[in-house]
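Q: If you're matching positions, the sequence shown starts at 1 in the UniProt record's numbering and goes up one per residue.
The structure follows.
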Amino acid sequence: MAEETIFSKIIRKEIPAEILYQDELVTAFRDINPRAPSHILIIPNQLIPTVNDVKPEHEQALGRLFTVAKKIAQQEGIAEDGYRLLVNCNAHGGQEVYHIHMHLVGGRPLGPLLIG
């Protein structure tokens, strides 16, 4: 089993976070170091360390990340203008917490993707 992360404690509400959505599969909360006016992390409640650890049985939870992203983007008022969804994998991909998570970022023009 993978090591517990700070996100595991947020899911269980053992440490404070501004939780915007939670159900049996996923939890969404505001990033404590936002890079845009809206910066929300959406995570599966089950600890999956990286994209490389995804298995077919994770598909329902990972699909839920997208439906929750849509719902939160609408609540945040950024759906019409647009937003970005990012998932980082391992060190070279910029992953800092080894609990797979989706960044929902928007509320201003984000510019081109960083490549290279």
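Each residue gets a CB set at the ideal place from its N, CA and C atoms; glycine is no exception.
Small disclaimer: the values here were computed from a predicted structure and weren't measured.
On the premise that I78 lies in contact with G106, defined as a C-beta separation below 8 Å, what is that separation, rounded to the nearest angstrom?
A: Going by Cβ atoms, the distance from G106 to I78 rounds to 4 Å, so yes, they are a contact pair.
Q: What is the DSSP secondary structure of P56, counted as helix, strand or coil?
A: Note: P56 maps to helix in three-state DSSP.
Q: Return the chain-ordered list of same chain residues with a C-beta closer than 6 Å to the C-beta of I11, the five sequence neighbours on each side being excluded.
A: Correct list, in chain order: T27 and N45.
Q: Using CA atoms only, rank isn't needed, just tell me which of P49, V54, F29 and L62 is closest to E96.
A: For E96, the nearest C-alpha among the options comes from P49.
Q: What is the DSSP secondary structure of L86, reduced to helix, strand or coil?
A: In the structure shown, L86 sits in a strand (DSSP, three-state: E or B).
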